[in-house]
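Each residue of the sequence shown is one higher than the one before, starting from 12 at the first, in the numbering used here.
For reference, the structure is listed below as structure tokens.
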Amino acid sequence: MAPVYVLDHYFLAITVLVTTAYQLSGFAIAWIFQFDKITDFTGGSNFFLLALLTLLMGNTYHARNIIASIFVMIWAIRIAGFLLYRVLKTGSDTRFDDIRSHFFKFLGQIVWVWTVSLPLTILNSLAVSDTRRSGSNPAFGTACDIIGIILWVVGWIIETTADIQKFRYKNNKSNPKDKPVTTGLWKWSRHPPYFGEILCWWGIFILCLSPTVSGSLSSSAKSAQYGAIVSPLFTMILLLFASGIPTAEKPQGKKFFLMSHGPEVTTPNQAWNNYKAYLNETSILIPIPPAVYKLLPGWLKSTVLLDFPFYQFDEGKDGADAIDNARNRSD
Numbered sequence: 012m013a014p015v016y017v018l019d020h021y022f023l024a025i026t027v028l029v030t031t032a033y034q035l036s037g038f039a040i041a042w043i044f045q046f047d048k049i050t051d052f053t054g055g056s057n058f059f060l061l062a063l064l065t066l067l068m069g070n071t072y073h074a075r076n077i078i079a080s081i082f083v084m085i086w087a088i089r090i091a092g093f094l095l096y097r098v099l100k101t102g103s104d105t106r107f108d109d110i111r112s113h114f115f116k117f118l119g120q121i122v123w124v125w126t127v128s129l130p131l132t133i134l135n136s137l138a139v140s141d142t143r144r145s146g147s148n149p150a151f152g153t154a155c156d157i158i159g160i161i162l163w164v165v166g167w168i169i170e171t172t173a174d175i176q177k178f179r180y181k182n183n184k185s186n187p188k189d190k191p192v193t194t195g196l197w198k199w200s201r202h203p204p205y206f207g208e209i210l211c212w213w214g215i216f217i218l219c220l221s222p223t224v225s226g227s228l229s230s231s232a233k234s235a236q237y238g239a240i241v242s243p244l245f246t247m248i249l250l251l252f253a254s255g256i257p258t259a260e261k262p263q264g265k266k267f268f269l270m271s272h273g274p275e276v277t278t279p280n281q282a283w284n285n286y287k288a289y290l291n292e293t294s295i296l297i298p299i300p301p302a303v304y305k306l307l308p309g310w311l312k313s314t315v316l317l318d319f320p321f322y323q324f325d326e327g328k329d330g331a332d333a334i335d336n337a338r339n340r341s342d
């Protein structure tokens with residue numbers, strides 16, 4: 012069977028159309044029924060759909076194409092399945108309260124899936140992998156192949172392990188409620204799943220880059236492959252500045268602050284002090300031993316190590332409003 016040409020040689024247009032149709036179908040269900048239980052599932056499963064679609068359309072089953080496609084499909088199955096199971100068990104996901112009600116916010120998921128899938132989409136395309144045209148297939152085992160596989164495997168293990176560890180911790184009723192998760196990977200990082208996800212997509216990008224680095228491609232195909240660096244960069248931007256750490260860090264700080272200072276507190280407790288100690292000794296993203304991290308200067312933590320001040324719940328600036336809001340909700 013010959014490779015399938017649809018709209019362009021890089022599969023860019025067809026993947027946009029498929030992603031848009033798939034996500035709009037998910038939005039229609041979420042909006043009509045105000046039902047957020049499929050939001051994460053439609054995002055994760057969309058990655059699987061694009062990986063399988065481009066692999067089959069390209070019909071160039073080189074080892075690199077197969078491995079990269081399988082990696083993305085494994086990542087997609089895990090993230091979609093785990094998050095669907097979690098939201099079904101907990102009943103809702105407050106991260107999507109605004110998204111499921113506003114069409115243009117939901118469009119962000121279309122951009123996310125399509126952009127992050129670009130390295131694999133372009134690798135599987137006719138312009139890069141069809142050697143009967145101008146594509147290239149260097150022997151598997153290049154430096155990019157090895158580095159990419161190592162990064163993806165390490166990232167996937169970190170992401171999967173951290174999610175399981177936190178899920179088990181939260182479902183163990185004997186664990187203290189006045190302390191954040193500090194077991195396993197969570198002892199070294201406040202957001203290990205995000206660190207693992209970033210490694211996964213840098214690994215995919217580097218693995219998919221082999222035809223450009225070690226093969227012979229046209230200048231336009233090389234530019235397309237290098238341009239796919241937007242995938243891991245976009246992943247980092249989302250997790251560092253949008254739907255990742257910012258949506259988790261300050262709300263968690265607020266929760267522990269109210270445990271100690273909220274209107275319903277009747278006896279003194281150490282929840283807020285415990286949390287501040289946790290912030291001081293636990294890296295926000297990159298896993299670092301607590302004994303090392305707590306000795307590092309504040310300027311290094313808030314710059315190179317990415318613990319930006321705007322993430323933090325400031326009890327001086329935010330505390331009074333948090334208490335007032337909690338009091339109003341309880342009235």
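Beta carbons: idealized from backbone N, C-alpha and C, even for Gly.
Since the structure is predicted, the reported quantities are computational estimates derived from the model, not experimental observations.
Go through its chain and collect everything with a Cβ distance to residue i's Cβ below 6 angstroms, but skip five positions before and after it.
{"i": "Leu18", "result": "Ala24, Ile25"}
{"i": "Val192", "result": "Lys177, Tyr180"}
{"i": "Pro130", "result": "Ile215, Phe216, Cys219, Ala239, Ser242"}
{"i": "Trp167", "result": "Cys211"}
{"i": "Val224", "result": "Cys155"}
{"i": "Phe52", "result": "Ala91, Leu95"}
Looking only at its chain, what residues have a beta carbon closer than 7 angstroms to the beta carbon of residue i, apart from the 5 residues adjacent to it on each side?
{"i": "Trp212", "result": "Val127, Ser242, Pro243, Thr246"}
{"i": "Asp7", "result": "There is simply no residue 7 to check, as the chain begins at 12 and stops at 342 in what is shown."}
{"i": "Ser56", "result": "Ala87, Ala91"}
{"i": "Ile299", "result": "Trp199"}
{"i": "Ala333", "result": "Lys265, Phe268, Leu269"}
By the three-class DSSP mapping on this structure, what secondary structure does residue i have?
{"i": "Asp189", "result": "coil"}
{"i": "Asp19", "result": "strand"}
{"i": "Ser200", "result": "strand"}
{"i": "Ser128", "result": "coil"}
{"i": "Ser36", "result": "helix"}
{"i": "Gly271", "result": "At residue 271 the sequence reads Ser, which differs from the Gly that was named. Correct three-state label for Ser271: helix."}
{"i": "Arg89", "result": "helix"}
{"i": "Arg111", "result": "Because Arg111 sits at a pLDDT of 49, beneath the cut-off of 50, its placement in the model cannot be relied upon, and the following sentence gives the value as read from the coordinates. Arg111 falls in the helix class under three-state DSSP."}
{"i": "Pro308", "result": "coil"}
{"i": "Phe60", "result": "The amino acid occupying residue 60 in the given sequence is Leu; Phe does not appear at that position. Helix, per DSSP."}
{"i": "Ser230", "result": "helix"}
{"i": "Ala253", "result": "coil"}
{"i": "Pro262", "result": "helix"}
{"i": "Ile240", "result": "coil"}
{"i": "Pro14", "result": "coil"}
{"i": "Gly207", "result": "helix"}
So, are the CB atoms of residue i and residue j less than 8 angstroms apart?
{"i": "Leu137", "j": "Gly69", "result": "yes"}
{"i": "Arg201", "j": "Thr65", "result": "no"}
{"i": "Met270", "j": "Asn284", "result": "no"}
{"i": "Leu251", "j": "Leu317", "result": "yes"}
{"i": "Pro222", "j": "Glu170", "result": "no"}
{"i": "Val27", "j": "Trp123", "result": "no"}
{"i": "Leu61", "j": "Thr132", "result": "yes"}
{"i": "Ser36", "j": "Asn76", "result": "no"}
{"i": "Thr30", "j": "Ala41", "result": "no"}
{"i": "Gly264", "j": "Ala337", "result": "no"}
{"i": "Phe206", "j": "Ile78", "result": "no"}
{"i": "Met84", "j": "Leu99", "result": "no"}
{"i": "Ala235", "j": "Tyr21", "result": "yes"}
{"i": "Ser145", "j": "Leu228", "result": "yes"}
{"i": "Asn135", "j": "Ser185", "result": "no"}
{"i": "Asp174", "j": "Phe93", "result": "yes"}
Can you tell me whether residue i is buried or exposed? The criterion is at least 16 other CB atoms within 10 Å of its CB, across all chains shown.
{"i": "Glu275", "result": "exposed"}
{"i": "Phe267", "result": "buried"}
{"i": "Gly152", "result": "exposed"}
{"i": "Leu306", "result": "exposed"}
{"i": "Val303", "result": "exposed"}
{"i": "Pro262", "result": "exposed"}
{"i": "Gly327", "result": "exposed"}
{"i": "Phe321", "result": "exposed"}
Can you check DSSP and say which residues form a bridge with residue i?
{"i": "Ser294", "result": "Ser200"}
If I measure Cβ to Cβ from residue i and keep anything under 8 angstroms in the same chain, skipping five residues before and after, which residues do I get?
{"i": "Pro301", "result": "Lys198, Trp199, Glu292, Thr293"}
{"i": "Thr142", "result": "Thr71, Asn148"}
{"i": "Ser231", "result": "Ala138"}
Is there a Cβ from chain C that is less than 8 angstroms from the Cβ of residue i?
{"i": "Val276", "result": "Protein chain content of the structure displayed is limited to a single chain, and chain C is not contained in it."}
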